[in-house]
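A.B. asks: Before we start, here is the structure in question, set down as structure tokens.
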Amino acid sequence: MATPPIFSLLVINKSGGLIFNKDFTPVAKVELNDLLRVASIWHSLNAIATQLSPLPGCKGIELMEADTFNLHCLQTLTSTKFLLVVEPRSLLIPAVLQRVYELYSDFVLKNPFYEVEQVIKCDLFEEALEALMRGYPHSVMSV
Amino acid sequence: QVGHGTNELEDRLDRVGFDAGARLLELVSWRERVMKRKPEVLDMLRFIQGTVWPQLFGKTAEELQQGAAADDEYMIKDHELLLNRYTSLPRSYAGFNPGGALVAGIVRGMMETAGFPCLVTAHFSDHPTRPKPITTILIKLDQVVMKRQQQLEAGRRG
């Protein structure tokens, strides 16, 4: 079975705090504290990028390319950021990010026990994410 | 008066549901052009299962049963309660049925307003053919209702 090229998902709230992270393939273990720092750094870089951009109307960083991975970011109107760490040649990742956003608005935001901007602990959200990643890329083809 | 809830959240949901249920009875009756009151318990329960449920959730409640142990108990079962579809329970609330508690209040509001005082509670229960637990709404009718049912039946026989 081919390893899915989506490595992990991170969700950052509007204050720059990491509220969710999940690995979908076996990846190098990162300490939670380090992940929290990485999320804060991304949040700040994103804000700086909107100021540095030579083009007007820049909202943030959408894609960061590296040798061994790409990092795609979807920033919502509420400043929640969804980051997907994927293999460099993966396809349809913006569509995957849209689906993740839909699953977030269904299984996290519609959960009466969830407090907004807090750490996400919703079983149904994780189950839906796992199903989405198992079905990738077919699960996002019709989007 | 509140239906017996085992915790404060259940009581609050019951009270909110009760107010909604009392009004829903009028609204659904008007929409469905119900012309007469229903003095029989089973007619009222069938109305809830088969007419109110589709108005609220787009489907009839899957099961309506009388309690095996007691004839003053009835159960309405929903295999996948719409109100719980997006709810993930925190570990500290294990066993609690939040959507069910609100629906139990709605059912109690409708029953009491229609003249059937009762206590209504909601539980998760396992079902042989369903992957996830289903919601059971347990209705325990007041003795007043049971006596009246007996009189109605005696009247029919007489």
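These protein sequence lines are chains A and B, in that order. FYI, the numbering for the first sequence is 34 to 176, going by the numbering used here. FYI, the numbering for the second sequence is 98 to 255, going by the numbering used here. Cβ atoms here follow ideal geometry from the backbone N, Cα and C, with glycine treated the same way. Remember, predicted model here, so these are calculated numbers, not experimental data.
(1) For the candidate residues B:L186, B:G164, B:E160, whose alpha-carbon lies nearest to that of F146 (chain A)?
(2) Taking Cβ positions only, does L153 (chain B) come closer than 8 Å to chain A?
(3) Who are L246 (chain B)'s beta bridge partners in DSSP?
(4) Which residue wins for smallest C-alpha separation from H76 (chain A), given the options A:V44, A:D100, A:N103?
(5) Distance check for N103 (chain A) and E122 (chain A), CA to CA, integer angstroms please.
(6) From the DSSP output, in three-state form, read off L161 (chain B) for me.
(7) So within the region 75-104 of chain A, which uninterrupted alpha helix (DSSP H) runs reach at least 4 residues, ignoring any that extend past its ends?
(8) Taking any Cβ of chain A, which residues in the region 182-195 of chain B have a Cβ under 9 Å from it, in chain order?
(9) Just mark I231 (chain B) as buried or exposed, buried being the case when its beta carbon has 16 or more other beta carbons within 10 Å.
(10) Where do the ends of the alpha helix (DSSP H) carrying F115 (chain A) lie?
(11) Measure the CB-CB distance between G197 (chain B) and H220 (chain B) and report whether it falls below 8 Å.
(12) Closer than 9 Å by beta-carbon distance: list the chain B residues that pair up with K143 (chain A), in chain order.
(13) For R132 (chain A), count neighbouring Cβ atoms within 10 angstroms of its own Cβ and tell me buried if that reaches 16, exposed if not.
(14) Just to confirm, are L179 (chain B) and L110 (chain B) a CB contact at a threshold of 8 Å?
(15) Threshold first: 4 residues or longer. Then list the alpha helix (DSSP H) segments lying entirely within the region 165-246 of chain B, N to C.
(16) Which residues in the same chain have their Cβ closer than 8 Å to the Cβ of Q98 (chain B), if we skip the five residues on either side of it in sequence?
(17) Just how far apart, CA to CA, sit G81 (chain A) and G93 (chain A)?
C.D. replies: Walking through what the data contain:
(1) For this step, residue 146 (chain A) is matched to residue 113 along the first sequence. Selected option, being the one with the closest Cα: B:L186.
(2) Here residue 153 (chain B) refers to the residue found at position 56 of the second sequence. Under the Cβ distance rule, L153 (chain B) does not count among the residues neighbouring chain A, no pair being separated by less than 8 Å.
(3) Start at 1 with the first residue of the second sequence, and residue 246 (chain B) comes out as number 149. Going by the sequence as given, residue 246 (chain B) is Gln instead of Leu. DSSP, once it has assigned bridges, lists no residue as partnering Q246 (chain B).
(4) Indexing the first sequence from 1 puts residue 76 (chain A) at position 43. Looking from the CA of H76 (chain A), the closest CA among A:V44, A:D100, A:N103 belongs to A:V44.
(5) For this step, residue 122 (chain A) is matched to residue 89 along the first sequence. For this step, residue 103 (chain A) is matched to residue 70 along the first sequence. This sequence places Arg at residue 122 (chain A); Glu is not what is there. Going from the Cα of R122 (chain A) to the Cα of N103 (chain A) covers about 8 Å.
(6) What you label residue 161 (chain B) is simply residue 64 of the second sequence in a count that begins at 1. Three-state DSSP puts L161 (chain B) in a strand.
(7) Fully enclosed alpha helix (DSSP H) runs of 4 or longer: not present.
(8) Flagged, chain order: R182, Y183, T184, S185, L186, P187, R188, Y190, P195.
(9) Counting from one through the second sequence, the residue named residue 231 (chain B) turns up at place 134. A residue is called buried when at least 16 other Cβ atoms come within 10 angstroms of its Cβ; I231 (chain B) meets this threshold and is buried.
(10) For the purposes of this step, residue 115 (chain A) is identified with residue 82 of the first sequence, where counting begins at 1. Here F115 (chain A) belongs to no alpha helix (DSSP H); instead the beta strand (DSSP E) covers 114-119.
(11) As a working mapping, residue 197 (chain B) is identified with position 100 in the second sequence. As a working mapping, residue 220 (chain B) is identified with position 123 in the second sequence. The answer is yes: Cβ separation under 8 Å.
(12) Reading the first sequence from its first residue, position 110 is the one you call residue 143 (chain A). Proximity of chain B to K143 (chain A) at the Cβ level (cut-off 9 Å) is accounted for by R182, Y183, T184, in chain order.
(13) As a first step, residue 132 (chain A) must be located in the first sequence, where it is residue number 99. R132 (chain A) is buried by the Cβ-count criterion.
(14) Counting from 1 along the second sequence, the entry for residue 179 (chain B) is found at position 82. Counting from 1 along the second sequence, the entry for residue 110 (chain B) is found at position 13. No, these two residues do not count as a Cβ contact at 8 Å.
(15) Note on the region 165-246 of chain B: whole alpha helix (DSSP H) runs with a minimum of 4 residues are 195-210, in chain order.
(16) Locating residue 98 (chain B) in the second sequence gives position 1, where the first residue counts as 1. Low confidence applies to Q98 (chain B): its pLDDT is 32, below 50, so where it sits in the model is not reliable enough to give any reading.
(17) The residue you call residue 81 (chain A) lines up with position 48 of the first sequence. The residue you call residue 93 (chain A) lines up with position 60 of the first sequence. As written in the sequence, residue 81 (chain A) is Ile, which differs from the Gly given in the question. Spanning the alpha carbons of I81 (chain A) and G93 (chain A) requires a straight line of approximately 8 Å.
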